[in-house]
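Let me begin by presenting the structure, written as structure tokens, before commenting on it.
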Amino acid sequence: MSIQANQIFVNLPVSDLEKSMKFFGEMGFDFDERMTDNNATCMIIGPNIYAMLLVEDFFKSFTHKAIADTSKSAEAIIALAASSREEVDEWIHKAIAAGGDSANEPMDNKFMYSWSFHDPDGHLWEVMYMEDEAFE
């Protein structure tokens, strides 16, 4: 029997919730107001895909581990699929314009194109496009 989830919630610590909401809002993401207060917000990434942006002290209440110092280490790479190469570039340009920074140069592996950015808290987001032929 295989296990399958019907939703995913990625929980990320943020130092300034308002700043994070402004950043991702400028990129075009929406937030579920029912799950937003002074401690957290639920960012809607796609159908059944969410990022819970949690103020660091609130995030700490869910774990006994230290929060990763994103200036020195990566705790994860959050990869999002785009519908075209142009959309990959558009997302990165929006991230940079909103105050993020490019994490690397675009990577073109012929069948897959990707580019990454850091959000204001240093979390690493990769936007990628993979051609349908890659699966054939």
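Each step along the sequence shown adds one to the number in our numbering, with nothing skipped, and position 97 is 597.
Note that CB positions come from ideal geometry on N, CA and C, so glycine has one too.
Paired residues, beta bridge with D530 - DSSP: Bridge partners of D530 according to DSSP: I544.
Exposure of S562, with buried meaning 16 or more beta-carbon neighbours within 10 Å: A quick correction: the sequence has Phe, not Ser, at residue 562. Per the 10 Å Cβ criterion, exposed.
Alpha helix (DSSP H) runs wholly inside the segment 535 to 582, at least 4 long, in chain order: 556 to 560
Separation of K610 from E518, as counted between CA atoms: It is roughly 39 Å from the alpha-carbon of E518 to the alpha-carbon of K610.
heavy atom of the ligand SAM below 6 Å from N609 C-beta: The ligand SAM is not part of this structure, which contains no ligands at all.
Inter-residue Cα distance where the pair is S571 and S616: 15 Å
At least three beta-carbon pairs within less than 8 Å, the segment 591 to 604 to the segment 551 to 570: no
Residue nearest to D619 in terms of C-alpha spacing, selected from Q504, M521 and M501: Per the Cα distances, M521.
Cβ pair count under 8 Å reaching 3, the segment 584 to 596 against the segment 626 to 634: yes
With 16 other Cβ atoms within 10 Å as the buried cut-off, status of M552: buried
Beta-carbon proximity list for F529, same chain, < 6 Å, skipping 5 on both sides: M543
N- and C-terminal bounds of the alpha helix (DSSP H) containing I596: Unbroken alpha helix (DSSP H) run through I596: R585 to A597.
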